[in-house]
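All remarks here apply to the structure that follows.
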Amino acid sequence: MSSFFNQVYRIVEQIPEGNVATYGQIARMIEQPHNARVVGWAMRQAPKGLPSHRVVMKTGETAPESLIFHGGKTQKELLKAEGVPFLGNGRINLKSCVWNY
Numbered sequence: 000m001s002s003f004f005n006q007v008y009r010i011v012e013q014i015p016e017g018n019v020a021t022y023g024q025i026a027r028m029i030e031q032p033h034n035a036r037v038v039g040w041a042m043r044q045a046p047k048g049l050p051s052h053r054v055v056m057k058t059g060e061t062a063p064e065s066l067i068f069h070g071g072k073t074q075k076e077l078l079k080a081e082g083v084p085f086l087g088n089g090r091i092n093l094k095s096c097v098w099n100y
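This is the structure we're talking about:
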């Protein structure tokens with residue numbers, strides 16, 4: 000596993016329940032601001048137990064409903080269970096739950 004991926008995983012494991020972080024936010028935190036897509040690749044290969052469902056797009060969109068996370072649930076289902084607020088358009092209300100590290 001790459002050093003980049005390990006750095007991403009160390010950050011993601013710190014995101015508190017009920018909060019989310021964006022791919023770009025994580026990339027900036029590891030001083031790789033132009034590598035938000037690579038953060039996404041890291042999430043696809045994330046080890047079991049990592050709260051990868053807490054990483055979302057900068058627009059507040061979640062992964063497609065066809066993508067299943069742990070326990071056979073979608074990202075939206077997992078986040079709603081943690082109390083993450085959603086807007087009427089189905090996107091996350093980032094103003095109220097983005098992680099301030």
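Here the sequence shown stands for residues 0 to 100, where the numbers follow numbering that gives the first Met the number 0. Positions of the beta carbon are idealized from the N, C-alpha and C atoms, including for glycine.
Thinking C-alpha only, which one of the options is nearest residue i?
i	options	result
residue 6	96, 15 and 31	31
residue 37	2, 58, 97 and 100	2
residue 35	55, 19, 64 and 48	55
Under the assumption that residue i contacts residue j (Cβ atoms under 8 Å), give the Cβ distance between them as a whole number of angstroms.
i	j	result
residue 50	residue 8	Actually they do not touch by this definition, with Cβ atoms about 10 Å apart.
residue 19	residue 78	7 Å
residue 21	residue 75	Actually they are not in contact, since the Cβ atoms of residue 21 and residue 75 sit about 16 Å apart, beyond 8 Å.
Which residues in the same chain as residue i place their Cβ atom closer than 6 Å to its Cβ, once the five residues preceding and following it in sequence are excluded?
i	result
residue 4	41
residue 81	16 and 17
With H, G and I counted as helix, E and B as strand and the rest as coil, what does DSSP make of residue i?
i	result
residue 14	coil
residue 62	coil
residue 35	helix
residue 80	helix
Would you call residue i buried or exposed, if buried means 16 or more other Cβ atoms sit within 10 Å of its Cβ?
i	result
residue 53	buried
residue 67	exposed
Whose C-beta lies closer than 7 Å to the C-beta of residue i among residues of the same chain, with five residues either side of it excluded?
i	result
residue 60	90
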